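>
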Amino acid sequence: MVSGRKNREFFDQQHHLNLLGHAWRLWSEGRPLELIEDSLSDSVIDAEALRCVQIGLMCVQERPDVGQTCHLLF
Numbered sequence: 197m198v199s200g201r202k203n204r205e206f207f208d209q210q211h212h213l214n215l216l217g218h219a220w221r222l223w224s225e226g227r228p229l230e231l232i233e234d235s236l237s238d239s240v241i242d243a244e245a246l247r248c249v250q251i252g253l254m255c256v257q258e259r260p261d262v263g264q265t266c267h268l269l270f
């Protein structure tokens, strides 16, 4: 992901979430850009970062909409 963090090394103390749970929480709260690593924030285009986050989250869903995922990739 664009967070620059590893899931096994991340834990959100306030909400008791791993990186994936944290990413879902930020996405559902409309704040996915907060996932972006600070060192990347000046060089990343927001729309591209949002697309990466969305595709990453769709890939870990139990039953992702394959058509929607493919649409985002192309």
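When we follow the numbering used here, the leftmost residue of the sequence shown carries the number 197, and every step to the right adds one.
Built from N, CA and C at the ideal position, the CB exists for glycine as well.
None of these values were measured; they are calculated from a predicted model.
(1) Check the C-beta distance from W223 over to V249 and give it rounded, since I have them as a contact under 8 Å.
(2) Within 10 Å of its beta-carbon, does L231 have 16 or more other beta-carbons around it, so buried, or fewer, so exposed?
(3) Alpha carbon to alpha carbon, what distance is there between S235 and Q257?
(4) Can you grab the Cα-Cα spacing for the pair G243 / I251, in whole Å?
(5) Hey, L246 and P228: beta-carbon distance below 7 Å or not?
(6) When you compare only the Cα positions, how much space is there between Q210 and E233?
(7) Can you find the residues in the same chain that come closer than 7 Å, C-beta to C-beta, to L253, ignoring five residues on each side of it along the sequence?
Let me spell this out:
(1) 7 Å
(2) By the Cβ-count criterion, L231 is buried, with 16 or more other Cβ atoms from all chains shown falling within 10 Å of its own Cβ.
(3) 28 Å
(4) One detail in the question is off: residue 243 reads as Ala in this sequence, not Gly. Cα to Cα, A243 sits roughly 12 Å from I251.
(5) Contact flag set, yes.
(6) 19 Å
(7) A219, W220, W223
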